[in-house]
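Just below is one structure, and these are the notes that go with it.
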Amino acid sequence: MEENFNFITEAIKVENFSFRYMQAKRQNYHILSYKEVLKNINFTVNVGEKISIIGPNGAGKSTLLLNIAGLMEEYLKENKNNSGGGNIYIFGKQMNLKNIYDIRENIGFVFQNPDDQLFSTSVFEDVAFGLVNFLKKNNDLRASNMQYIKDTVIETLNKVNLKNKEDEIPHFLSFGEKKLAALATALSYNPKILILDEPSSNLDPKNRENFINLIKSLNKTMIISTHDMDLAYEFSERCIILNNGEIVYDGITKEILKNKEFLLENGLDLPLSFRSYVNV
Ligand SMILES: Nc1ncnc2c1ncn2[C@@H]1O[C@H](COP(=O)(O)OP(=O)(O)OP(=O)(O)O)[C@@H](O)[C@H]1O
Ligand SMILES: [Mg+2]
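The sequence shown begins at 1386 in our numbering and counts up one residue at a time.
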C-alpha cells in the first residue's frame, strides 16, 4: 500500500473521547459502578508540537495521558459500551487492540510515580531494558552490541544529570533522582512521541532547570502534564487546561496564564513569574 506522507501532520488526535473507570461497590463487590473521568475530549497535537496539559488534582490528566500512550488496553476492550467512547489516533492510525503494542513503540511514557517505571536491580538495567526491547522489536542488530547499549545508556544518564548513577539500585534513589531515571528509560530509545506525567515534581532548582532545557531541546512531539504553571509557561506555547474531566481552555499558554480569575475558577493559580510582590 502506498503511504501518503502528506497526511501525517497530526501526531496525536483525540476525538470525542470519554472515559469511565469501573469500580466495584465497597459494600457489594458484585455491583459495578462507573466513575466518569473524561468527558468528550477533542484535540490534536501536530508532529513536532509541544503542549502542556494543566489541571488540578483529579482533573483527569494522568487518565488522559495513559489512554493516549496505549496503556489502558483493559479499558479499550470495553471502550464503546462501558468505559466511554470516542477514538485516539497516533500518526493517523486509530488505536485498537491489534495495533496498540506497535503504537506504544512510538511513545515514550514517564509515569507520574517513578516506582511504576523502575523495576530492575540497577539504574543501568532499567535504562537498557527499553532500549534493547525497542531494538529487538525493530530487528536492529545493535540489540546485541553491548558497547552500543552501554554507550547509549551512559549518554542518556548524563543528559538527565545522573552521571555515575548507573550501578545504583533504583529503589534507593531519591524521589527526584527516580523521576530523572524514569525519564532516561523513555529517552534511551528515542521515541517519536514523549509523554511525561508531572515530570518536574520533586526536582531541585538545578535539576529542574537542566530538565526544562533538556525537554525544550528535544525535537519531538511532546505532552507534559503539570500543575507547575511556571513549567508550562516555559515549556510550551500551547496549553490545554483540564478541569473535572473537561477541556476548559486550549490555546496560547502566555495568554491564559495572565487570567488569574479563570485560573482560580479552575483550581489553579498564576505562575510565580506572573505574580507581583510588594517590596517591604
Ligand atoms: N484506577 C482507578 N480506578 C478508579 N478511579 C480512578 C482510578 N485512577 C484514577 N481514578 C480517578 O479518576 C480521577 C482522575 O484521576 P487522574 O489521576 O487522571 O487525575 P490527575 O489530573 O492526574 O490528578 P493529579 O494531579 O492528582 O495527578 C480521580 O478522581 C481519580 O480518583
Ligand atoms: Mg496525575
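Each residue gets a CB set at the ideal place from its N, CA and C atoms; glycine is no exception.
Could you check the C-alpha separation between Asp1487 and Asn1452 for me, to the nearest Å?
15 Å
Measure the C-alpha to C-alpha separation of Leu1642 and Leu1450 and round it to an integer number of angstroms.
22 Å
Beta-bridge pairing of Gln1408 - partner residues as DSSP gives them:
Ser1418
What residues in its chain sit with their C-beta under 6 Å from that of Val1665, if we drop five residues either side in the sequence?
With a pLDDT of 43 at Val1665, under the threshold of 50, the modelled position of this residue cannot be trusted; read the value that follows with caution. So no residue of the chain qualifies.
Is the region 1567-1577 touching the region 1489-1502, taking contact as three or more C-beta pairs under 8 Å?
yes
Collapsed DSSP secondary structure at Leu1655 in the structure displayed:
coil
Is it true that the CB of Phe1404 sits closer than 9 Å to the CB of Val1422?
yes
Check whether the Cβ atoms of Val1508 and Glu1551 sit closer than 9 Å, and answer yes or no.
yes
Cβ pair count under 8 Å reaching 3, the region 1597-1611 against the region 1517-1526:
no
So is the beta-carbon of Ala1567 under 8 Å away from any non-hydrogen atom of ligand 1?
no
For Tyr1460, the three-state DSSP class (helix, strand or coil)
helix
Grab me the residues of Lys1398's own chain with a C-beta within less than 6 Å of its C-beta, minus the 5 sequence neighbours each way, in chain order.
Thr1429 and Tyr1474
Would you list the one or two residues that DSSP bridges to Asp1635?
Ile1625
Of all the alpha helix (DSSP H) runs that stay within the bounds of the region 1500-1529, which reach a length of 4 or more residues?
1508-1522
Cutting at 6 Å between CB atoms, please list the residues of its own chain near Pro1499, excluding the five before and the five after it.
Lys1563, Lys1564 and Ala1567
May I ask you to list the residues that DSSP assigns as paired with Gly1493?
Leu1579
Starting from the Cα of Ser1586, find the closest Cα among Leu1526, Tyr1419, His1612 and Ile1632 and give me that residue.
His1612
Sorted by chain position, which residues of the same chain lie with C-beta nearer than 7 Å to Asn1481's C-beta, five sequence neighbours on each side aside?
none
Supposed contact pair Gly1470 and Asn1401 - C-beta distance, whole angstroms, cut 8 Å
7 Å
In whole angstroms, what is the alpha-carbon distance linking Ala1513 and Leu1649?
43 Å
Exposure label - Leu1526; buried when at least 16 CB within 10 Å:
exposed
Pull up the DSSP beta-bridge partners for Thr1611, would you.
Ile1439
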